[in-house]
Amino acid sequence: MALAAVHGSPTRHPWLDLFVQSPIAAFGDLLAGYARIPPYERADAPDAARMLFGGLPKSDPARCALGPAILGWLEQRRRVTPPVGRPRQQRWVREICEAFEIVALLEVADAAETLRRQFVTWSEWAARFVLSPARDARAEYLRMVALTQPLVAALAGPRDPNDLAPMWLEICRQAGAELPRRYLAIGLLGLRRLQQGTTGSDAPWVAGLAHWALARSPTNAEFQAEWLALKPLYPRTAGRWRELVGRLLATKPFQDEGIKAPGWWRGDRDFDPMLRQDFRVSGAPLRSPFPADCDQEIERLHNPWPVTESRIDQLLQRHRTYVGVTGEGQYFVRAIHALGTALIWPGNDQPHDRARKAAVLAHEGLGWAPFDRYLWSLWRDAMAAGGALEAAELIGWDFVRRDPDNADARNQLATLLAGPLARPAEAETLLRDTIAAFPGNAFARTQLAELLIADRRLVDAEAVVQSAFAAQAADEATFALRARLQSHRGAAQAAMDTVRQGLERHPSNDVLWEYQRILDQGRVLRVDPVAAAPIAAPIADTTPDDPTLAPVLRLGRVRWLRAQADSADPARRQTALAEVQAMLADDPSFVYAELIAARHGLLAFNPDTMPPFAVAFEQALKDGDRTRLDALAERQPRLRALILLAQALFGDAQAAWTIANLLNDDPPVEEARPVTFLRSRLHPLLAQATADTALGIIAAKSNAIRRWLYDANESLPGQRIAA
Amino acid sequence: MDFEERVSAARLAAFEAEVRGAETANDLRERHVDYFETFVTVTDDLPHSFLPEFEPADLGSGSLDEHQAIVRVESLVRPLGKWGQPLDDLKRAFDAKDEPVLRGFLDIWNTSNIRDHRPAFAAWRDQVLDEIAAPNWPERLRDRMGLAHYSDKRLPIPVALMQYTVREVKAEAADLGAAIMFAAPTVLDSVPWEYFFPAPATLPYGRAMALMPVDDEKQLLAEMLHTRLTYLPHHIVGLGTIAAPSAPHCLKELRNRHLLAVQVASGRGDFGEEMP
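Chains as they are written, first to last, in the numbering used here: chain A, 6 to 728; chain B, 619 to 894.
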């Protein structure tokens, strides 16, 4: 063999010509170890890739083909069922890890940008493949995203180059709890690689460390080990460190927990002066803009939009600076909600631009508070006000999915369906479903009755009202509604009786007093429905060109399909399930679609191919497979309540009693949200249960409980930090 | 397998089960890679290299003097990439004996996808003292240990010289439940690679094929495999850069000269076969 080609180390390895001819296949060979790349066969793929591609000019055809090759290979792999058996699975995961690693190691900008833009898809997929610290595709994906933030920012990819800051902080908080402890380094790395100068802090990782400590209460030695591992890499004077830490610990989250500076930094001698009684932190205290600052801007919203937008941006930039230093997003979120809500109120110039601004802000706020109900509502409503009705609807459906305990999300979506979207039949179905799920929710009943009145189905409307009284789900609006219906059909005395009963219960209700006055005058109450809050007249229904929106819209679409699949109409059911199957054909790793397919027996499921938890749970629930459920409980201890409830449904008395006991315990501080949802649903049922009665109670309500399990499980896909 | 005397019948059967059906030389090569990637480069189990049922060439796991020092050269390209800092930062911490920084770096490395449970190729420290003492120790060790994949004209390779004791390896192996933690390497403990050279079973240890032609069997370096060791700050005894490629050489000459040395060392003139 002529070895000059190898050991003379030419500038370009001959294998690269093969690579250019068939980049995806060749890249796969490189990862698999098949590539003939002497003398680098012994090297792991990332090291070999560095030797092969690392010194090439950016314009080299092989370098140009690398990004598409990596993406192409990852796309192919995402569509293939993983192998069975741990030995082969560990190799499968290793290759995925190394593909992500190569993106960061070689700074493959186009691949990094795409993988970041499709964050939800890739992070959720990678989360399936966590076998051990050395075979953890989620960790390697997140690490790649962390490391390539400057690269992606330089491409002007994300709207906000630091939009992942809240996620890195959340990873820090969860390290050692929901996430393995080793993820702290990844969270801190993410913060260390934020765009300098835009975060408000010259060391945002310090906030990450503090939030980790606040959430996890490490020992002094553990904290010092983390702190001192990074401190020397960021040369600052002792005074500067004291200032940074002092100002950070003076903010609300730490003050609320009684943390006194230097807090966890006690033990580092640079912080000894902070222990003195007379110590004062230098520099102005960190302070978020006040709510009054926000109110002031709201009062000026009548000004021309360019002026208004500029002022809003200035205010929010002050918030961002505060958040960047402290990691504390609650004031920012509140300001966004207040401003956004005011922005979409009609009456000012450029309403669609204002609405789009509100939508962008709502989305940014959700980065800091992913479950904030006001922000989800704002996002949906701002989309509608901006003319993106389809996007608004799908955001509304995804809001319903993510927050299954929130009846308002459903009622608001019904308003959108019945009004701007002009699909009252779907609104009716949704409201009836909401009444079944939340029998005590008076608003859904009132809203349904109003919808029926608008459709001139007054008998049906009155039946809804009567059922509200029967279910003890009547509020002052229900009394008013019944009075209107009774008065309209000529039952004046009955209407007056209803108004009087209503006033006994709700003596300060102005509407009822007004109705009494009208009826006293012998007049008839108007039955026409109360007008919904106005929104700006939609322009053409357009979905904004925002790649971060796509995953939410896709999830929302599946939630809508789930509703269709639950329909009594076989044709609608069939059409919906066909669309789910088409989605899976397009993307076999789309977890939410897999889950729905599993529920309806459409999934070729193999429990030995590393399915995501939600899909495996759904299939085990369908199959009544208690052995697989037990295995899932070990995989996700935080979701044990789902497993226990499923086992109780299958007749396990011990599981039923355990559930009843868990309900009587105080919920853990960081209870998983699906479990919190189940707690709220089950508590009224099982509060008085005994060991002898718990199983019977669950059996008697099995249909409702199965549905709650569906809802709880469906809330799992699409999380920012996929489990 | 005539060239490889240390693979037991049981391991050979496991290997053959993986490669069965291979029809061409390339098939066989790729299935060898499959075997290696599936059963040797393992995540947190024991690789076939140390499983008693495969009768590895145990180097006396139980009887080795526990205070002997072992060395290994590690490329730092990937660990530094994951740490997010350059070699200079690590060097500063190393020179200052800044244990928290070194530990932070090692924690990331130890818990990453790099450090799985594949067998580690290593050598006894006292066999490479001259190389370690040389100013260009990274290149000298690379050449002596036959690390041909650490060679490039354009890209410097940051490396660490890791040093630890038999005792440390044994302690961690006990946690892993490994009865055998030191073994002589076989052809199945690597991907097919022209720089791997099996040693006769009569020789203790393997013999690394250096990247310069050997003139004397005394130049052969004993190499071994051992089970995974979690690196600690005191294991880093040197940091440097492989900045120059290995000297140009002819692989045939390397292999034939190495074969001759191995034959002399083992007294086995019948071992192996020269490349024509």
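By construction, the Cβ of each residue, glycine as well, lies at the ideal position given by its N, Cα and C atoms. What you are looking at is a predicted structure, and each value in this text was computed from that prediction instead of being measured.
- Nearest to B:His852 by C-alpha distance, out of B:Ala640, B:Ala643 and B:Asp716, is B:Asp716.
- A:His324: member of the alpha helix (DSSP H) spanning Trp310 to Thr331, first to last residue.
- Interface annotation, A:Tyr45: in contact with chain B, CB-CB separation under 7 Å.
- As computed with DSSP, B:Gly858 is found in a beta bridge with B:Val777.
- The way I'd put it, the stretch 218-227 of chain A doesn't touch the stretch 700-709 of chain B; fewer than three beta-carbon pairs between them come closer than 8 Å.
- Taking A:Leu380 as reference, the option from A:Ala364, A:Asp165 and A:Gly391 with the minimal CA-CA separation is A:Ala364.
- At a beta-carbon threshold of 8 Å, none of the residues of chain B lie near A:Met172; the nearest stands roughly 17 Å away.
- By the neighbour-count criterion, in which 16 or more other beta carbons inside 10 Å mark a residue as buried, B:His735 falls on the buried side.
- By the Cβ neighbour-count rule, B:Pro737 is buried, with 16 or more other Cβ atoms within 10 Å of its own.
- Within the stretch 651-736 of chain B, complete beta strand (DSSP E) segments of at least 3 residues are found at 687-693, given in chain order.
- For A:Arg140, the closest C-alpha among the options A:Pro166, A:Val98 and A:Thr119 is that of A:Val98.
- Counting C-beta atoms within 10 angstroms of its own C-beta, B:Leu847 has 16 or more neighbours from the protein chains shown and is therefore classed as buried.
- Its chain contains no residue whose beta carbon lies nearer than 7 Å to that of A:Ala441 once the 5 sequence neighbours on both sides are disregarded.
- Cβ-Cβ distances below 6 Å link B:Ala627 to nothing in the same chain once the five nearest sequence neighbours on each side are left out.
- With a cut-off of 8 Å on Cβ pairs, the stretch 111-124 of chain A is not in contact with the stretch 678-688 of chain B, counting fewer than three such pairs.
- Contact between A:Pro679 and A:Leu644 is confirmed by a C-beta separation of about 7 Å, below the 8 Å threshold.
- B:Asn874 has a beta carbon lying at 7 Å or more from every beta carbon in chain A.
- Taking all protein chains in view, the Cβ of A:Pro309 is surrounded by fewer than 16 other Cβ atoms within 10 Å, so the residue is classified as exposed.
- Cα atoms of A:Leu607 and A:Glu106: separation of roughly 35 Å, rounded to the nearest angstrom.
- Boundaries of the alpha helix (DSSP H) harbouring A:Met149: Ala142 to Leu152, taken from the DSSP string.
- Restricting attention to B:Leu682, B:Leu724 and B:Lys870, the CA atom closest to the CA of B:Leu850 is found in B:Leu724.
- A:Leu253 and A:Asp207 have their C-alpha atoms spaced approximately 12 Å apart.
- Taking 9 Å as the upper bound on Cβ-Cβ separation, chain A lies near residues Leu765, Ala766, His767, Tyr768, Ser769, Asp770 and Lys771 of the stretch 738-771 of chain B.
- Residue environment: A:Gln652 is assigned as buried (16 or more neighbouring CB atoms within 10 Å of its CB, all protein chains considered).
- With a cutoff of 7 Å on beta-carbon distance, A:Cys177 and A:Leu189 are scored as near each other.
- Annotated three-state conformation of B:Arg825 is strand, per DSSP.
- For A:Pro290, no CB of chain B lies under 7 Å from its own CB, so it is not counted at the interface with that chain.
- In this structure, DSSP gives B:Ala738 an extended state, which the three-state scheme calls strand.
- The stretch 635-655 of chain B makes no contact with the stretch 759-779 of chain B, as fewer than three CB pairs between them are under 8 Å.
- Comparing alpha carbon positions, the residue from A:Ile710, A:Phe228, A:Thr256 and A:Met279 closest to A:Ala243 is A:Met279.
- Per DSSP, reduced to three states, the secondary structure at B:His844 is strand.
- Chain order gives the chain A residues near B:Tyr813 as Pro44 and Arg47, where near means a beta carbon separation below 8 Å.
- Looking at the DSSP output, B:Tyr782 shares a beta bridge with B:Ile688.
- The stretch 556-566 of chain A and the stretch 385-402 of chain A touch, with three or more beta-carbon pairs separated by less than 8 Å.
- In the three-state DSSP reduction, B:Ser808 falls in the coil class, being neither helix nor strand.
- Minimum Cα-Cα distance from A:Gly392 among the listed residues A:Ala427, A:Pro356 and A:Ala419 corresponds to A:Pro356.
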